[in-house]
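Participant: Protein chains in written order, with my numbering: chain V, 1 to 152; chain P, 1001 to 1152. Note that CB positions come from ideal geometry on N, CA and C, so glycine has one too. Keep in mind that this is a model prediction, so the values were computed, not measured.
There are 2 protein chains.
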Amino acid sequence: MTEPRWLDATQQRAWRAYVDGSAKLTELMDRDLKTRHGLSVSEYEILVRLSEAPGRRLRMAELAEHASQSRSRLSHTCARLESKGFVQRDHCPSDKRGVFCNLTDEGFAKLDRAARDHVEVVRTYLVDVVSPDDLAAIGRAFDAVRARLDRG
Amino acid sequence: MTEPRWLDATQQRAWRAYVDGSAKLTELMDRDLKTRHGLSVSEYEILVRLSEAPGRRLRMAELAEHASQSRSRLSHTCARLESKGFVQRDHCPSDKRGVFCNLTDEGFAKLDRAARDHVEVVRTYLVDVVSPDDLAAIGRAFDAVRARLDRG
DNA sequence: CGGGAATAGTTTAGATTTCAACCACGTTGC
DNA sequence: GCAACGTGGTTGAAATCTAAACTATTCCCG
């Protein structure tokens, strides 16, 4: 086995800062959304994606892709969101296997309230503490990561 | 209630790219570590932090902080890692409430093997697809996030 | 010293997530 | 047509994670 190409000290520090900082940031946002609105980050994410979709509806597979969740997980989570009245699923007429997930008015209202608080957290702990250039760099970087992931 | 300070289009794009890209990146790393080495990312993280600690041992509370996990979760995960022989817990003589978590030789060997593959993934999907400047920006940015989180 | 508050860690129960199996429908090719 | 395979989505059981309660010890302060 050949020696792996370890990261150099600079790369290592950056990687670690990211791993650590992003984990703690996500944890904070999760707790904040949960205590103030009773939503987990992944539930919130589902509502966001639906709210942006045309007609506020999306096929389950697309929603899974947009929300970065497995289909199985999405099924379970949507079942919960549905029982709370925030989404509503129905069959796709053109493909009888398919299911549309619709954001209800109640779900949209819930999202609207949650988003107002959430954006404040995103600002306070990320946007406002990072220079515009560095934020732009993050955007570029993770766009590149996504593009790379979309290939093999 | 006053109108929230929404993100502008540029900030929004950067934030979204990060949320999406980092979620998918973590998921990939988790699956990779799991299939190739039977370790989740959070188990891996625990082994990493222990390996870097003096004497390859850390108090549970410190380990929880370093690995960005709740104490409860750490207890459960360490129990599992202990049953697999990768760590070994014992009591702290100076503080009888305390517990040291030790990395075993077997755990170190496991980590060593996993890290060789893991670094390759980190390179392939992040370090190698991002410019050095952008990587440095990520480091700066998340250092700032950590610093902000450490205050209230 | 003694009692209350804080800290370290574990445990239990309940919620969520993963994994594999599964059903239903659609697509392809013969 | 129809058999084999692929896709869309759900389900149930097992693994993991969270939240709250609990034990044990230490700290603080009168």
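Does the region 123–136 of chain V come within contact of the region 1101–1120 of chain P, defined as at least 3 CB pairs closer than 8 Å?
Facilitator: no
Participant: Do you know offhand how far V/Gly98's Cα is from P/Arg1005's?
Facilitator: Distance between the alpha carbons of V/Gly98 and P/Arg1005 is about 38 Å.
Participant: Helix, strand or coil: which one does DSSP assign to V/Gln12?
Facilitator: helix
Participant: On the three-state DSSP scale, how would you describe V/Arg57?
Facilitator: strand
Participant: Exposed or buried, P/Thr1077, counting other C-beta atoms within 10 Å across all chains shown (16 or more means buried)?
Facilitator: Buried, because 16 or more other Cβ atoms sit within 10 Å of the Cβ of P/Thr1077.
Participant: Which residues of chain V have a Cβ atom closer than 8 Å to the Cβ of P/Val1127, listed in chain order?
Facilitator: Chain V residues near P/Val1127: Leu7, Gln11, Trp15.
Participant: Under a Cβ-count criterion, where at least 16 other Cβ atoms within 10 Å of its own Cβ denotes burial, should V/Ala147 be classed as buried or exposed?
Facilitator: exposed
Participant: Can you list the residues of chain P that V/Glu62 reaches, using a CB-CB cut of under 7 Å?
Facilitator: Per Cβ cutoff of 7 Å: no residues; V/Glu62 is ~14 Å from chain P at best.
Participant: Which residue marks the beginning of the alpha helix (DSSP H) containing P/Cys1092, and which one marks its end?
Facilitator: Looking at the DSSP string, P/Cys1092 is not in any alpha helix (DSSP H), and its letter there is neither H nor E.
Participant: Where does P/Leu1103 sit, in a helix, a strand or coil, going by DSSP?
Facilitator: strand
Participant: May I have the straight-line CA-CA distance separating V/Glu45 from V/Phe100, to the nearest angstrom?
Facilitator: 17 Å
Participant: Do P/Trp1015 and P/Leu1025 have their C-beta atoms closer together than 8 Å?
Facilitator: No, the pair does not count as a contact, with Cβ atoms beyond the cut-off.
Participant: Go to P/Leu1149, then tell me how far its alpha helix (DSSP H) extends in each direction, as first and last residue.
Facilitator: 1132–1150
Participant: Measuring CB atoms only, is the region 114–128 of chain V touching the region 27–38 of chain V, in the sense that at least three cross pairs come out at less than 8 Å?
Facilitator: yes
Participant: For P/Gly1085, which residues of its own chain have a beta-carbon under 8 Å away from its beta-carbon, when the five flanking residues on both sides are left out?
Facilitator: Contacts found: Thr1104, Glu1106, Gly1107.
Participant: Let me know if V/Ser68 comes out buried or exposed under the rule of 16 or more other beta-carbons within 10 Å of its beta-carbon.
Facilitator: buried
Participant: Give the residues of chain P in contact with V/Val121, contact being defined as C-beta atoms less than 7 Å apart.
Facilitator: Within chain P, no residue comes near V/Val121; the closest Cβ sits about 11 Å away, beyond 7 Å.
Participant: By a C-beta neighbour count over all protein chains shown, 10 Å radius and 16 as the cutoff for buried, is V/Gly55 buried or exposed?
Facilitator: Answer is exposed; the Cβ neighbour count stays below 16.
Participant: Counting only beta-carbon atoms, is V/Phe108 nearer than 8 Å to chain P?
Facilitator: At a cut-off of 8 Å between beta carbons, V/Phe108 makes no contact with chain P.
Participant: Starting from P/Ala1144, find everything on chain V with Cβ-Cβ shorter than 7 Å and list it in chain order.
Facilitator: Val129, Val130
Participant: In chain order, what residues of the region 1028–1052 of chain P put their CB closer than 7 Å to some CB of chain V?
Facilitator: Leu1028
Participant: In the DSSP output, which residue or residues are listed as bridge partners for V/Val87?
Facilitator: V/Leu103
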